[in-house]
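Let me begin by presenting the structure, written as structure tokens, before commenting on it.
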Amino acid sequence: SYRDYVSTVDVPPFNRSAVDGFAVAFADTAGASEGSPVLLRVIGSVDVDSDEVPTVHRSEAVKVSTGAPIPRGADVVIPIEYCGVVGDRVYVYRCYPRYANISFRGEDLRVGDVIVRRGTKLRPWHVAALKASGYDEVEVFRRVRVSTISTGSELVRGVLPNYTLPLVVSYVAELGGEIALADVVRDNVGDIAAAVERALQLSDVVVVTGGTSVGDRDLSPRALESLGRGKRLFHGVRVRPGRTCGAYVIDGKPVLLVSGLPVAAYVSLELFLKPLLYKLYSSRPEPRPTVRGRLTRRLPNEPGFRSFYRAIACIEGGEVLIVPLRLTGSGILSTLIRGNAVVEVPEDSEGYDEGTEVVAALVNPLVECPSVKQFTTAP
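One gets the working numbering by counting positions in the sequence shown from 1 and adding 64 to each.
Structure, rendered in structure tokens:
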């Protein structure tokens with residue numbers, strides 16, 4: 065949502081029946097039971113769209129449908145399954161407390177109640193509440209346009225499949241972004257720079273994958289520097305995997321450099337692209353659910369680095385186990401497929417020993433452990 069929205073009406077707009085049944089005076093039905101029913105005269109019926117609503121007097125009843133206005137004089141609705149109609153009379157076989165099965169005006173929402181705050185991701189229930197609150201249209205943020213450029217001559221020639229580009233495209237779509245350009249260029253400073261120039265014209269954010277380290281063929285940083293404008297925010301982070309990540313601002317637009325290896329790229333997208341996109345929507349990411357469990361093997365760490373390990377969080381004998389998949393391998397796609405959890409080791413830690421209870425962030429639901437034992441011996 066682009067701005068705050070408050071209810072312009074009371075919801076419900078009048079006292080209404082919560083069930084199909086008969087609106088009656090509470091005093092008439094006190095003590096009613098199957099063995100001793102109360103007999104009342106039916107004086108009419110009311111539907112949701114009825115223009116006229118009769119007044120209920122003592123020993124009278126009005127048939128009402130769910131959502132129909134409550135007649136004056138009625139202070140309880142007896143569900144129809146506890147009533148028996150004979151001609152213009154109704155037998156009531158059960159008593160209910162006063163005001164039972166009545167929804168009062170404004171009990172759901174009152175005029176001025178906040179429906180959504182600026183930056184809220186609109187879910188189906190928000191849309192329903194906005195409509196109920198008097199809105200036919202609302203202002204929303206335009207989808208953030210993201211361009212992604214994969215670098216690598218081997219990708220252009222088709223020597224290797226380019227699986228990091230579709231990873232970025234799918235990730236952006238999952239966050240509500242829109243892909244403006246998805247390009248693949250060879251390892252050439254001029255080609256990379258030209259692709260970035262095109263991307264800057266089309267998009268709000270640019271993501272360049274591959275060529276982000278300091279080797280002879282790692283040309284992405286040089287290509288950005290060759291543009292002769294903009295500012296480097298950082299290049300290199302103390303995060304594993306994904307330590308070659310970098311960020312620039314060119315023409316007022318963020319340009320993110322991430323590894324061409326899928327696991328490292330995914331970590332960089334989680335740590336840098338996700339909060340960036342949410343910031344552009346004046347929002348913040350929802351924290352992932354977490355679970356506590358016991359490690360089945362040691363997780364090492366080099367102090368000074370934040371390390372992220374893909375793992376399987378599973379249940380065995382009522383206990384939650386955290387089964388790390390691999391300790392190395394930024395290009396191992398299977399860890400993204402099989403893992404349902406991520407364990408973070410902070411930079412001030414040398415790691416966690418086997419048997420340590422750790423907190424894991426869940427990316428998918430818990431599973432049963434017998435199905436994952438085959439994955440526990442990977443290096």
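Ideal Cβ positions, reconstructed from N, Cα and C, are used throughout, including at glycine.
* **Rounded C-alpha distance that separates V141 from V150** => 18 angstroms
* Asked: Out of Y342, G292 and F78, which has the shortest C-alpha to C-alpha gap to G131?
  -> F78
* To do: Determine the DSSP secondary structure at E218, reduced to helix, strand or coil.
  => helix
* Alpha-carbon spacing of T441 relative to A377, whole angstroms -> Because the pLDDT of T441 is 46, which lies under 50, any placement of that residue in the model is unreliable, and the number read from its coordinates should be weighed accordingly. If I take the Cα positions, the gap works out to 16 angstroms.
* Please determine if the segment 146–163 and the segment 95–103 are in contact, where contact requires at least 3 C-beta pairs separated by less than 8 angstroms. => yes
* Straight-line CA distance for A193 to S347? -> 20 angstroms
* Asked: Do you know how far the Cα of S290 is from the Cα of E261?
  -> 11 angstroms
* Would you tell me roughly how many angstroms separate the C-alpha atoms of P133 and A89, rounded to the nearest one? => 15 angstroms
* Asked: Residues bridged to F86 by DSSP?
  -> K127 and I142
* **Cutoff 6 angstroms; reference V431; Cβ partners in own chain excluding five residues on either side** => C378
* **Whether T228 touches A329 by CB criterion (8 angstroms)** => yes
* Asked: How long is the line joining the alpha carbons of E124 and A87, rounded to whole angstroms?
  -> 9 angstroms
* Those runs of the beta strand (DSSP E) which lie wholly inside the segment 291–315 and span at least 3 residues -> 295–299 and 310–314
* Cβ contact (3+ pairs, closer than 8 angstroms) linking the segment 229–242 and the segment 281–290 -> no
* Using three-state DSSP, classify R80 as helix, strand or coil. => strand
* Where in the segment 314–339 do unbroken runs of the beta strand (DSSP E), each at least 3 residues long, occur, reported from the N-terminal end onward? -> 317–322
* Over what stretch of residues does the alpha helix (DSSP H) that includes S234 continue unbroken? -> T228 to E238
* **Reference R281, options V422, D251 and V204, closest by Cα** => D251
* Can you tell me whether DSSP reads G415 as helix, strand or coil? -> strand
* Could you spell out the range, first to last residue, of the beta strand (DSSP E) harbouring G148? => C147 to V150
* Where DSSP assigns a beta bridge to G357, which residues make up the other side? -> V422
* Asked: When the Cα atoms are used, what is the spatial distance from G222 to F336?
  -> 29 angstroms
* To do: Alpha carbon to alpha carbon, how far is R174 from V102? Give it in angstroms, no decimals.
  => 37 angstroms
* **Residues near R209 in its chain [Cβ-Cβ closer than 6 angstroms; skip 5 each side]** => E242, A244, S267 and D268
* To do: Quick one: which unbroken beta strand (DSSP E) runs of 3-plus residues sit fully inside the segment 166–221? Chain order, please.
  => 178–180 and 209–215
* Would you report the Cα separation of V156 and V110, rounded to the nearest angstrom? -> 18 angstroms
* Kindly indicate which three-state DSSP category C378 falls into: helix, strand or coil? => strand
* Selection from T308, R293 and N404 that minimises the alpha carbon distance to G279 -> T308
* The beta strand (DSSP E) with V387 in it runs from where to where? -> E383 to P388
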